[in-house]
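K.L.:
Take this structure first; my questions come after.
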Amino acid sequence: MAPLALCVIISALICILSEAYYEVKSLLTVSGRRLQYSPRRPAIDTGSSDTVNRVINGAPGHVAFIVDGNGRWAQANGLPRSDGHTKGANVTVEVVRSAFAAGVSTVTLYLFSTENWKRPPAEIANIFAVLDKYLVDFLSYLKENKIGLFVIGQPDRLPESTRELIAHVQKHTQPTADKKLCLAISYGGRADIVQAAQALAVRAQKGNLSPEDITEGTLERALSTGRLGLPNPDLVIRTSGEFRLSNFLLWQCAYAEFKILPCMWPEMTAVALREALVDYSSRQRRFGGVES
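The letter at position 155 of the sequence shown is residue 1332 when you use our numbering, and the numbering goes up by one with no holes.
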């Protein structure tokens, strides 16, 4: 078992180093001091709903959003934090619709982290009440557009009403889905890596897996996203101007592009999303190689 433990430790260290590297990269990107030349971003017509709903050539296949700033937006506007979560939910609907309309095939929303359980019980209850409402309201859109609902995180910690609604929506959307909406709820990237390592350790203990057979691919398939067949993110968008991953998809984001937006999540718009997608389409992704 010692080689297995060593593999797990090395994998975790790689993950943490990747997170630190990409936080620095995103800082350089936002401050305008990218280390490589990027073509000037094309202008976007913000006055036409037709433009907002148009497919973008070169759009990322998987966009992951770190939804951040609901409570702070509310407080800055003299409102209770609960109003921020409600406004943020309205924005989420618009952003998700716009992302799929632009040609994105997988959208992941980081809605509630394992660390968010530290918040006041009343705020947590409000967050899940808002989530329940929008799960019901969004079902028809998901069915009509063949978008399946997937969830990563710790479902056993969620309120019973939320678990039941998730199961209901999944039952009615996954069988016919050709696109995917993933909600990260009670999710933590470190916990995800730990559970994957534990699953591999159990297989090794039972004699079904040799430590030398553990590769990056083996571990990746044991992660929550791998078990659901979700691709790794191509683009991560974070609002609120914060330069960190906040324990989100640490392994999966190793080669993701980043876009940090200064606005709070309730201020996010479809136009801002499209600008980020167009910016992504102009980038050159080399994955450690060189340009041909």
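Quick reminder that beta carbons are idealized off the backbone N, C-alpha and C, glycines included.
All of these numbers come straight from a predicted model, not from anything done at the bench.
#1: Where does PRO1410 land, buried or exposed, given buried means 16+ other C-beta within 10 angstroms?
#2: Enumerated in chain order, which unbroken segments of the alpha helix (DSSP H) with a length of 4 residues or greater are wholly contained in the segment 1319–1388?
#3: Spell out a yes or no on whether the segment 1256–1268 and the segment 1240–1247 are touching, meaning 3 or more CB-CB pairs, one atom from each, closer than 8 Å.
#4: Taking only the alpha-carbon atoms, compute the straight-line gap between SER1417 and MET1441 and give it to the nearest angstrom.
#5: Would you call the segment 1392–1406 and the segment 1450–1462 in contact, with 3 or more CB pairs under 8 Å?
#6: For VAL1379, does the count of other Cβ atoms within 10 angstroms reach 16, so buried, or fall short, so exposed?
#7: If we ignore side chains and look at the alpha-carbon of each, how far apart do GLY1365 and PHE1242 end up?
#8: Give me the Cα-Cα distance between VAL1307 and ASN1322, rounded to the nearest whole angstrom.
#9: Quick one: what does DSSP say SER1458 is sitting in, helix, strand or coil?
#10: Take ALA1236 and list the residues in its own chain whose beta-carbon comes closer than 7 Å to its own, dropping the five residues that flank it on each side.
#11: Using a 10 Å radius around the Cβ and a threshold of 16 neighbouring Cβ atoms, would you call ARG1415 buried or exposed?
#12: Counting pairs of beta carbons, one from the segment 1436–1452 and one from the segment 1290–1297, are three or more of them closer than 8 Å?
#13: Just to confirm the assignment, what range does the alpha helix (DSSP H) spanning ALA1543 have?
#14: Using beta-carbon positions only, say whether CYS1359 and THR1291 come within less than 9 Å of one another.
#15: Going straight from the alpha carbon of ILE1343 to that of ALA1374, what length do you get?
P.N.:
Reading it off the structure:
#1: Translated into the one-based positions of the sequence shown, residue 1410 becomes position 233. PRO1410 should be labelled buried.
#2: 1337–1350, 1366–1382
#3: In short, these stretches touch, since the Cβ pair count reaches three.
#4: Numbered from its first residue, the sequence shown carries residue 1417 at position 240. Numbered from its first residue, the sequence shown carries residue 1441 at position 264. Rounded to the nearest angstrom, the two C-alpha atoms are 4 Å apart.
#5: no
#6: Position 202 of the sequence shown, counted from the first residue, corresponds to residue 1379. Exposed.
#7: By one-based count along the sequence shown, residue 1365 stands at place 188. By one-based count along the sequence shown, residue 1242 stands at place 65. Going by the C-alpha atoms only, they are around 14 Å apart.
#8: Counted from its first residue, the sequence shown places residue 1307 at position 130. Counted from its first residue, the sequence shown places residue 1322 at position 145. Straight-line Cα distance between these residues: approximately 23 Å.
#9: The sequence position of residue 1458 within the sequence shown is 281, counting from 1. Correct three-state label for SER1458: helix.
#10: In the sequence shown, residue 1236 corresponds to position 59, counting from 1. These residues qualify, in order along the chain: ALA1279, GLY1280, VAL1281, LEU1454, SER1458.
#11: On the sequence shown, position 238 is the one that residue 1415 refers to. ARG1415 should be labelled buried.
#12: no
#13: No information on residue 1543 is available, as it lies outside the stretch 1178 to 1469 that the chain covers here.
#14: Indexing the sequence shown from 1 puts residue 1359 at position 182. Indexing the sequence shown from 1 puts residue 1291 at position 114. Taking 9 Å as the Cβ cut-off, CYS1359 and THR1291 do not qualify as a contacting pair.
#15: Here residue 1343 refers to the residue found at position 166 when the sequence shown is read from its first residue. Here residue 1374 refers to the residue found at position 197 when the sequence shown is read from its first residue. Using only the alpha carbons, I get a separation of about 26 Å.
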